[in-house]
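In terms of my numbering, the sequence shown is residues 210 to 300.
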Amino acid sequence: MAITSMGVVFAVIWFMTLFVILPLGNKSQREDGNVAVGTPASAPSNPEMRRKFRITTLIAICLSVPVILTIHYGWITIDQIDLFKRFGPDS
């Protein structure tokens with residue numbers, strides 16, 4: 210597995226994790242009682258993006274290392290996943 214492929218796997222897992230982490234723990238401006246002019250009341254009052262990026266990176270590392278190692282060492286191959294034999298040499 211090339212370093213570029215490893216980076217792509219990590220980036221995909223990182224962004225998927227980010228989209229799961231983003232809505233967690235948000236408090237809207239309406240709930241906080243301090244709605245800034247020109248923003249919707251449902252906008253987060255303090256999104257804590259730096260903290261969420263750190264959490265996302267740690268989770269993405271923990272998830273991507275086993276995936277990268279599995280692909281690199283061939284612990285699971287396409288032949289084991291292909292139940293209907295669509296990707297074999299006969300296709």
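All C-beta atoms in this analysis are idealised placements derived from N, C-alpha and C, irrespective of residue type, glycine included.
Check	Outcome
Cross-strand partners of Ser237 (DSSP beta bridge)	Pro253
Check whether Ser237 and Pro256 have beta carbons under 8 Å apart	no
Where the alpha helix (DSSP H) through Ile285 begins and ends	That residue, Ile285, is in no alpha helix (DSSP H); it is neither H nor E in DSSP.
Thr226 and Ile280 closer than 8 Å at C-beta	no
Three-state class that DSSP yields for Leu292 in the structure shown	coil
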